[in-house]
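Sequence order for the protein chains is A and B.
Per the working numbering, the first sequence starts with residue 8, numbered consecutively.
Per the working numbering, the second sequence starts with residue 539, numbered consecutively.
Report on the following structure.
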Amino acid sequence: MPAAVSVRRAPRLAIVLALGMIAAHQLSAQAKADSAVSRDPIAAALDSLHRDANGVALDRAAISSGARTIESAQRLTGDAATWHGPLEIRGTVDGNAVAIGSDVVVLPGGHVRGDALSVGGQVRMAGGTVDGETRTISAFSVGPIAGARLTPAQATQRALSLAVACFLILVAMALAVVIGARTHLETIASTIRTDFWRSFLVGLLGEVAAVPLFLLSMVALAITIVGILLIPFAAVAYALAVLGALDLGFLAMSLLAGDALLRGEGSAREPRPIVAHLVAGLTVFLVLWLLAGGAAYMGLAGSVLRLLAFLSTWIAATVGLGATILTRAGTRAASVPPRAAPPTITEEYAWQTPTPVSGVAAARRPTPAPRPSER
Amino acid sequence: MKSLLLVLVSLFVFGDPGSDARTWRSLTASRPRDAADSLHVVLRYDAGTVTLGAAAAPLLYQASARFDASEQRISRSYNPVSGTLRIGLDSSAMQTSGHRSSNASGNQARLDLGLAAGIPLDLDLDLGATRARLDLSALWVSALRVSSGATEADLTFGSVNPKPMRDLFVDAGVGSVTIHQLGNARAQRATVASTVGSVDLDLGGDWTGEMPLTMRVALATATLRVPRDVGIAMRLSKRIANIDSDGFTERDGVMYSTGYEQTKRHVTIDGSATLASIDVVWKD
C-alpha cells in the first residue's frame with residue numbers, strides 16, 4: 008500500500024518540484040535584468056534608443072545631466088542630448104537634439120540640422136527650425152529599460168498556463184471519449200500495444216499525406232460546379248476529422264502511459280479505472296511541458312527539455328494517429344499480418360503424436376463409421 | 539487528484555500575465571516639406587485602427603501612433619533621396635519571444651497619418667486586420683494600391699484629384715471596402731477586387747467622359763451606386779453570379795443600362811464575378 012500511495016503522489020510531487028525550480032530561476036533572471044538598468048540607467052537608455060527604429064544612435068559623451076542650453080552664438084558639431092533636463096536651443100546643432108525625460112525647445116534663431124527627439128516629453132517649436140524629423144516617444148519601448156517585453160517570470164507563467172490549458176482541454180476530451188467511445192479508445196490502445204512500430208509508420212505516412220490529400224480533394228471538388236459549393240464544408244470536415252483522429256490517438260497513447268504508471272493499482276481492480284489512468288497519462292505529458300515551459304531561459308538545458316517534450320508529444324500523436332487509421336477510429340481491430348506459424352501436424356496423423364496442442368484426445372485413432380450391415 | 543486539479547485550474551486562471559505586461563506607448567513624428575516634390579508612402583499595418591488624411595500645411599507628413607510595446611513594433615523611416623516614407627505597425631515582431639499579439643492589443647492600436655497636400659502621392663497600403671478610414675480629400679493621389687486582409691476599409695475621395703490618377707487598385711480580401719465618390723479620383727485605370735468580402739462603390743463625383751472599371755469578385759457581394767446621368771456598359775464573365783440586370787439590355791455580350799447612348803458620362807465595367815452578387819443602385 009505505501010508503494011501505491013507514493014506512485015499516486017509522484018505527478019503532484021513532480022509538478023511542485025518543477026514549479027519551485029522554475030520560480031527560483033526566473034526570480035534570479037529578473038533581478039539580474041533589473042540590476043543592469045539600475046546600475047547604469049543612461050547606458051540602458053542609450054542602448055534602447057540605439058535599438059529602437061524610432062530612436063537615435065547617441066554617443067555617451069553627447070549627454071549631459073540636467074538642463075542645457077545651446078546659446079545663440081554657439082554652433083555645436085554633433086549631437087546635443089540631456090538626461091532629465093530640458094534642452095533649449097538658441098544656436099545651431101549640426102546633429103540631433105535629444106532630451107530624455109524632458110522637453111526639447113527650439114527657440115527663435117535655434118536651428119537643428121538633424122532630428123529633434125524627446126523621450127517622455129515634448130518637442131516644442133518656439134520660433135526655431137528643425138531640418139529633420141520632429142519626434143516624441145512617450146517612453147522607451149525596447150530593451151530592459153522599457154519593461155515592455157514580458158519578464159522571464161511572466162513569460163514562464165504564460166508558458167505554464169498554456170500547458171495547463173491544453174491539459175485541461177484534453178482531460179475534458181478524455182471524459183467525452185470515455186463516455187461516448189470507450190471501446191474505440193480501448194481498441195486503438197490495444198493496437199498500439201500489439202503493433203507499436205506499424206502504428207508509428209502509418210501515423211507518419213498519415214501526417215505526410217494529410218496536406219497533399221487535402222489539396223487533392225479540394226481540387227477534385229473544384230472540378231465540378233456542385234463540388235465548388237461543397238469546398239468550405241469539406242475543408243472544415245477534413246480538418247475536424249484529422250484533429251479528431253489525432254486527439255483520439257493521443258488519448259489512447261495517454262491511456263497506455265497511465266496504465267504503465269499505475270500498473271500496480273490497476274491490476275488490483277478489474278476493470279481498471281480508465282479515467283484515472285487517462286488523466287495520469289496526460290499528466291506525464293503535462294509535466295514534460297511544464298518543465299519545458301519553465302526552462303525557457305535556461306539556455307541549452309531549456310532547449311533540450313523543449314525538444315524532449317516536443318518529441319515525446321509528437322511520437323505519441325503519430326503512433327496514436329497510426330493506430331487510429333489502422334483501426335478505422337477504433338471501429339475494427341487492426342489486421343495483423345500473419346506470422347510464420349510452426350509446421351502443424353496434419354489431421355491424418357495427429358492421433359499418433361499426442362501433444363499439448365492436439366491434446367490427448369488425438370491418441371485415439373479415428374475409426375470410420377460402421378456400415379449399416381455391420382450394426 | 540482533486541487538489542492537483544485545483545492547483546492546475548488556479549494556475550490556468552491566474553496564469554495569463556498578458557494584461558499586466560501590456561505596455562502602451564505613443565509616438566508622434568513630423569517632417570517639414572522643404573523641397574520635396576513628391577512622396578511615395580509604403581504603409582504596412584496589421585492590427586488596430588488606421589486613418590489617413592491631409593497634414594498641416596508646412597509638413598510633408600505627420601504621424602501619431604499608439605501601440606503596445608510588449609507585442610508590437612512601430613517602424614518609420616524616410617528616405618529623402620527617393621522621397622519614400624515607410625511606416626507601419628508590426629505585431630509579428632515579438633513572436634520570437636514566444637507569444638503573439640493579442641486581440642486586445644490589436645484592437646486598441648492606432649495610427650493617424652497625415653500627408654502633404656499639393657504634391658503627388660504614390661500610396662501603397664497593405665492592411666491586415668484593421669479598421670481603415672482613408673480620407674483622400676484634398677490630397678493629390680497619383681497612384682493608389684490598397685491590399686487588405688480582413689479590413690473594414692472606408693475610402694473617400696471628397697474632392698477632385700488635381701490630376702488624373704495613374705492607377706487605382708483596391709483588393710478587399712475577405713474584408714469590406716466602401717469607396718465614396720470614386721469619380722473624383724479620375725482614375726485612368728481602376729481595379730476593385732474582393733474574395734469572400736463585400737464592396738460598396740459609389741461612382742459619384744465630379745468627373746466627365748469615360749471611367750474604366752475592372753471588378754473581380756468571388757464569393758462576395760458588390761454594390762454599385764451610380765448617378766442617374768451615368769451610362770453603364772458591363773461585360774463580366776459570370777459563374778453562378780447574380781447580377782441585378784433590371785433596366786439593362788444585352789447586345790453582343792455587353793449589358794447596357796437604359797439610355798446609355800444618351801448619357802454623357804459612361805462607366806465601362808469588365809472583369810469577372812464568381813459565386814457573387816452584384817447590385818446596381820441608381821442615385822439622384
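Glycine included, each C-beta is placed from N, C-alpha and C at the ideal position.
C-beta atoms of V105/A and A133/A nearer than 7 Å: If you check the CB distance, V105/A and A133/A do not come in under 7 Å.
Environment of E718/B [buried if 16+ CB atoms lie within 10 Å]: The sequence given here has His at residue 718/B, not Glu. Looking at its Cβ environment, which holds 16 or more other Cβ atoms inside 10 Å, H718/B is buried.
Interfacial residues, the segment 771-786 of chain B to chain A, with Cβ spacing under 9 Å: Taking a C-beta cut-off of 9 Å against chain A, the contacting residues of the segment 771-786 of chain B are R777, I778, listed in chain order.
Where V119/A sits in the DSSP three-state scheme: Note: V119/A maps to strand in three-state DSSP.
Helix, strand or coil at V708/B [DSSP, three-state]: V708/B falls in the strand class under three-state DSSP.
Cross-chain neighbours of I232/A in chain B, by beta carbon under 9 Å: Result: R777, I778.
Rounded distance between the beta-carbons of L577/B and L623/B, thought under 8 Å: Cβ-Cβ separation between L623/B and L577/B: approximately 6 Å, consistent with a contact (criterion under 8 Å).
For D495/B, the nearest candidate out of L598/B, A592/B, Q610/B, L659/B (CA to CA): Residue 495/B lies beyond the residue range present for chain B, which begins at 539 and ends at 822; the question has no answer from this structure.
Spatial distance of M703/B from L682/B (CA atoms): Each residue's Cα considered, the two are about 8 Å apart.
Neighbourhood of T634/B by C-beta distance below 8 Å, restricted to the same chain and skipping five residues each side: Unreliable positioning characterises T634/B in this predicted model, as indicated by a pLDDT of 40, which lies under 50. The coordinate reading is nonetheless provided below. Cβ within range, chain order: n/a, list empty.
Between the CA atoms of G251/A and V708/B - distance to the nearest angstrom: Each residue's alpha carbon lies about 40 Å from the other.
Sequence-distant residues of its chain with Cβ nearer than 6 Å to L590/B (five each side left out): The residues are L651, L672.
Pair within 7 Å by beta-carbon distance, A259/A and I176/A: A259/A places its beta carbon 7 Å or farther from that of I176/A.
Per-residue contacts from I144/A into chain B (C-beta, under 8 Å): Close partners of I144/A in chain B (Cβ separation under 8 Å): R563, S564, L565.
Identity of the residue in S810/B, V768/B, G721/B, G791/B nearest K802/B by Cα: Taking only the C-alpha atoms, the option nearest K802/B is V768/B.
C-beta neighbour in chain A for S557/B, strict 7 Å: Its pLDDT being 47, under 50, S557/B is placed unreliably in this model, and the coordinates cannot settle the point.
Contact check, G721/B vs L741/B, beta carbons under 7 Å: Against a cut-off of 7 Å, the Cβ pair of L741/B and G721/B comes out as a contact.
Beta strand (DSSP E) runs wholly inside the segment 134-218 of chain A, at least 3 long, in chain order: Runs found: 141-144.
Cα-Cα separation between L813/B and G687/B, rounded to whole angstroms: Each residue's alpha carbon lies about 20 Å from the other.
Terminal residues of the alpha helix (DSSP H) in which L677/B lies: From DSSP, L677/B is part of no alpha helix (DSSP H); its letter is neither H nor E.
For L285/A and L269/A, the rounded distance between their alpha carbons: Roughly 10 Å between the two C-alpha positions.
Beta-carbon separation (whole angstroms), R582/B vs G626/B, contact threshold 8 Å: Indeed they touch by this definition, with Cβ atoms about 3 Å apart.
Bridge partner(s) assigned by DSSP for R569/B: When DSSP reads this structure, R569/B sits in a beta bridge with Y599/B.
G251/A (DSSP reduced to helix, strand or coil): Assigned with DSSP and collapsed to three states, G251/A falls in helix.
Chain-ordered neighbours of E140/A on chain B, where CB pairs are closer than 8 Å: Under the 8 Å cutoff, chain B gives A567, S568, R569, Y616.
Among Q600/B, E609/B, N617/B, the one whose alpha carbon lies nearest that of T141/A: Ranking Q600/B, E609/B, N617/B by CA distance to the CA of T141/A puts Q600/B first.
Rounded separation between R82/A and A146/A - CA only: Computed Cα separation, rounded: 29 Å.
Three-state secondary structure assigned by DSSP to D744/B: Note: D744/B maps to coil in three-state DSSP.
Closer than 7 Å to chain B by CB, A153/A: In terms of beta-carbon proximity, A153/A lines the interface with chain B, with at least one pair separated by less than 7 Å.
Neighbour list for A60/A in chain B, Cβ cutoff strictly below 9 Å: Listed along the chain, the chain B residues whose CB falls inside 9 Å of the CB of A60/A are R611, I612, S613, R614, S615.
Residues that S72/A contacts on chain B, provided the C-beta gap is smaller than 9 Å: Chain B residues near S72/A: none, gap ~24 Å exceeds 9 Å.
Reduced DSSP secondary structure (H/G/I, E/B, other) of F695/B: Here F695/B sits in coil by DSSP.
Backbone CA spacing between H91/A and A74/A [nearest angstrom]: If I take the Cα positions, the gap works out to 7 Å.
Cutoff 7 Å: S815/B Cβ touching any chain A Cβ: Output row for S815/B: interface = no.
Cβ-based burial, Q800/B [other Cβ within 10 Å; buried from 16]: Counting C-beta atoms within 10 angstroms of its own C-beta, Q800/B has fewer than 16 neighbours from the protein chains shown and is therefore classed as exposed.
For L653/B: DSSP bridge partner residues: DSSP lists A592/B, Y599/B as partners of L653/B.
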